[in-house]
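Just so you know, we're using the numbering used here here: the sequence shown kicks off at 90 and counts up by one. Notes follow the structure.
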Amino acid sequence: MFGFLKDKLKSALSGFAQKVEELPEEKPKQEPVQLAKPVEKITAVPESKQEKKVEPMHFEKPLPRIDIGRKPEEIHAQKTAAEGSSSKQVLEVKLEQEASKEKSFFDKVKDKFRKDEGETKHEEKKGIFEKIIEVASTTKISDKDFDEMFYDLEMALLESNVAYSVVEKIKSDLKKDLVDKLIRRSEVDDIVLKSLRKSIYSLFDVKGFDLIEKIKEKSEKPFIIVFVGVNGVGKTSSIAKIANYLKKHGITCVLAASDTWRAASIEQLEHHANKIGIKIIKHNYNSDPAAVAYDAVSFAKSKGIDAVLVDTAGRQHSNINLITEMQKIIRVIKPDMKIFVGESVTGSDCIEQAASFDEAIGIDGIMLSKADVDERGGAAISIEYIVKKPIIYMGTGQEYDDLVEFNKEKIVASIGL
Ligand code: GDP
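Rendered as structure tokens:
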């Protein structure tokens, strides 16, 4: 699913970073350092006039005598013989042994000090060096640069059936995040990716709903859903999938075979109803679709069935007769919800159909069928933004269980963002 779009985006994004590499350096403006208080003028005092305060040195105990050149054993033997071997004396001997080693303690301290100082200087130098690199690797993208850079991404989106107005929106979002901003080259990939992800997320801002909850919320049964869409998009299969899904969630359904126009449509729906194990209400071909729907609603009322799913004729959305027929069904049964079924693979056609049905009868939600065979994903990315109605389910195969609740996180993840 959506593999084509994922690959296209990946290559377009890497091209973006490459182009940023070619842009000239842009250094951040150096702000003048502001001191909190002006520094007082320092006047040098001649050395002769300087008061010399020498603090007297106090030693709590005498410093050990350092016998340079003598072996520690000799010192120890001498000490022991002269003063006896008390623990205090042993300590003194140890100190003297330390002092006799090749490098004195003070030398070691000095060494350590030098080393630390060196490291500190090195750290300072490293910091400055890194800062230089940082400056050298920052750049700014101009409006013109951006338009050139966006070209590959634009093509990738358009080739993947993403609607033109959606591409324009993505472009403007990215522009806001990138143009005329001082950015580090090393972070371009990340910035573009985050910006693109944010922009695509915002395409799914339409508030969705939980169909199960909606049905359960309705106090007066049945909850009526009319399905609309053009021929062959998978409308009948989608109705069957939703009926199966509702049944699994403990919601009883009846189907209304209100497509009395297309040959074999009634038998097809009946076949599904039998397989799922639910009731279907049907009339003859060419009978009034609104009458079929009305009968199904009456049946549901009398039997306490939770939901009525109404199939309708799938002629072209531009067909005036079809629209008049739809409007009549809606007038007669006053549905709680109108769901448009569209084929994900058809991209802009699917979006156009949804917009036309919405204009004619006002749709409440979208079921995108055949998402499993859609490599481009343009319809899924664009339809909510354009039609302003939520995608509620997606068809992902030819089995009844091949229905998934729409999840924008999964969509965004499936295109590698
Ligand atoms: P209708 O004319 O709009 O009612 O379309 P149908 O329900 O008869 O479906 C047309 C064809 O699309 C059938 O072969 C279905 O099995 C197939 N189909 C429907 N939904 C899906 C889907 O989500 N994925 C796939 N791969 N095929 C589907």
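Heads up, the beta-carbon is just placed ideally off N, CA and C, and yes, glycines get one too.
DSSP puts residue i in a beta bridge; with which residues?
{"i": "Ala346", "result": "Asp400"}
{"i": "Val268", "result": "Ile230"}
{"i": "Arg286", "result": "According to DSSP, Arg286 bridges with nothing at all."}
{"i": "Ser291", "result": "Its beta-bridge partners do not exist; DSSP assigns none."}
{"i": "Phe316", "result": "Ile428"}
{"i": "Arg465", "result": "DSSP, once it has assigned bridges, lists no residue as partnering Arg465."}
{"i": "Ser458", "result": "Glu432"}
{"i": "Gly484", "result": "Leu492"}
{"i": "Arg273", "result": "Thr227"}
Which same chain residues end up closer than 7 Å to residue i when comparing Cβ atoms and leaving out the 5 residues on each side of it in sequence?
{"i": "Met256", "result": "Looking at the sequence itself, residue 256 is Val, so the reference to Met does not match. The residues are Glu243, Leu246 and Leu247."}
{"i": "Glu110", "result": "Arg274"}
{"i": "Val434", "result": "Lys459, Val462 and Asp463"}
{"i": "Val295", "result": "Glu473, Lys477, Lys478 and Pro479"}
{"i": "Tyr489", "result": "Ala329, Lys330, Asn333 and Ile365"}
{"i": "Asp232", "result": "Val268"}
Could you say which of the options lies nearest to residue i if we only look at CA atoms?
{"i": "Ser376", "options": "Asp241, Asp294, Arg351 and Glu432", "result": "Arg351"}
{"i": "Ile383", "options": "Phe429, Lys99 and Ile313", "result": "The sequence given here has Tyr at residue 383, not Ile. Nearest of Phe429, Lys99 and Ile313 to Tyr383, Cα basis: Ile313."}
{"i": "Ile328", "options": "Ile394, Gly484 and Phe495", "result": "Gly484"}
{"i": "Lys364", "options": "Ala379, Pro378, Leu344 and Asn373", "result": "Leu344"}
{"i": "Tyr240", "options": "Ser100, Ser326 and Phe446", "result": "Ser100"}
{"i": "Asp480", "options": "Lys497, Asp491, Asp490 and Arg465", "result": "One point to set straight first is that residue 480 is Ile, not Asp, in the sequence displayed. The residue with the shortest Cα to Cα distance from Ile480 is Lys497."}
{"i": "Ile422", "options": "Thr227, Ala380 and Cys342", "result": "Ala380"}
{"i": "Thr227", "options": "Met238, Lys270, Ser254 and Ala444", "result": "Lys270"}
{"i": "Gly431", "options": "Ser445, Pro424 and Asp425", "result": "Ser445"}
{"i": "Ala443", "options": "His361, Val322, His338 and Val397", "result": "Val322"}
{"i": "Ser308", "options": "Ile440, Ala396 and Gly366", "result": "Ala396"}
{"i": "Phe235", "options": "Val268, Asp278, Ser347 and Glu276", "result": "Val268"}
{"i": "Leu398", "options": "Lys390, Ser391 and Val386", "result": "Val386"}
{"i": "Lys337", "options": "Ile272, Gly436 and Leu492", "result": "Leu492"}
{"i": "Ile230", "options": "Ile452, Leu506 and Ile280", "result": "Ile280"}
{"i": "Ile304", "options": "Pro424, Lys116 and Lys258", "result": "Pro424"}
{"i": "Phe293", "options": "Ala468, Leu112 and Tyr489", "result": "Ala468"}
{"i": "Tyr253", "options": "Glu306, Ile470, Lys233 and Glu488", "result": "Ile470"}
{"i": "Met238", "options": "Gly366, Leu112 and Lys116", "result": "Leu112"}
{"i": "Gly339", "options": "His361, His360 and Ile367", "result": "Ile367"}
{"i": "Ser288", "options": "Val295, Glu306, Val315 and Lys258", "result": "Lys258"}
{"i": "Phe495", "options": "Tyr489, Ala389, Tyr482 and Lys116", "result": "Tyr482"}
{"i": "Lys116", "options": "Asp232, Ile272, Glu306 and Phe388", "result": "Ile272"}
{"i": "Lys45", "options": "Leu98, Pro378, Leu506 and Asp438", "result": "Since the first residue of the chain shown is 90 and the last is 506, residue 45 is not available in this structure."}
Take residue i and list the residues in its own chain whose beta-carbon comes closer than 6 Å to its own, dropping the five residues that flank it on each side.
{"i": "Asp96", "result": "none"}
{"i": "Asn320", "result": "Gly403"}
{"i": "Ile394", "result": "Pro311, Thr341 and Val343"}
{"i": "Asp266", "result": "Ser284"}
{"i": "Leu94", "result": "Ser249, Arg465, Gly466 and Ile504"}
{"i": "Val277", "result": "Ala106 and Val109"}
{"i": "Met415", "result": "Ile450"}
{"i": "Ile77", "result": "Nothing in the structure corresponds to residue 77, since the chain is present only between 90 and 506."}
{"i": "Gly436", "result": "Asn250, Gly467 and Ala468"}
{"i": "Val317", "result": "Thr401, Phe429 and Phe446"}
{"i": "His361", "result": "Ala329"}
{"i": "Cys439", "result": "Gly431, Glu432 and Ala468"}
{"i": "Glu448", "result": "none"}
{"i": "Ala389", "result": "Pro311, Val343 and Val397"}
Less than 6 Å separating the Cβ of residue i from some heavy atom of the ligand MN?
{"i": "Gln405", "result": "The ligand content of the structure shown is limited to the ligand GDP, which means the ligand MN is not among them."}
Keeping to the same chain, check which residues put their C-beta closer than 8 Å to that of residue i; ignore five residues upstream and five downstream.
{"i": "Tyr290", "result": "Lys497 and Val501"}
{"i": "Gly92", "result": "Glu464"}
{"i": "Leu358", "result": "Thr325, Ile328, Ala329, Leu344, Ala346, Asp348, Ile369, Lys371 and Asp400"}
{"i": "Asp461", "result": "Met90, Gly484, Thr485, Gly486 and Asp491"}
{"i": "Tyr374", "result": "Thr349, Trp350, Ala352 and Ile355"}
{"i": "Arg420", "result": "Ala379"}
Shorter than 7 Å from the beta carbon of residue i to some beta carbon of chain D?
{"i": "Ser326", "result": "Protein chain content of the structure displayed is limited to a single chain, and chain D is not contained in it."}
Stretch pair the segment 332 to 339 + the segment 456 to 471: three plus CB contacts closer than 8 Å: no
Validate contact between the segment 339 to 355 and the segment 384 to 403 using beta carbons, cut 8 Å, 3 pairs: yes
contact_flag[the segment 408 to 421, the segment 286 to 299] where n(CB pairs < 8 Å) is 3 or more: no
Cβ contact (3+ pairs, closer than 8 Å) linking the segment 277 to 296 and the segment 249 to 266: yes
Cβ contact (3+ pairs, closer than 8 Å) linking the segment 470 to 479 and the segment 101 to 114: no
Complete runs of the beta strand (DSSP E) confined to the segment 332 to 392 [at least 3 residues]: 342 to 347 and 368 to 370
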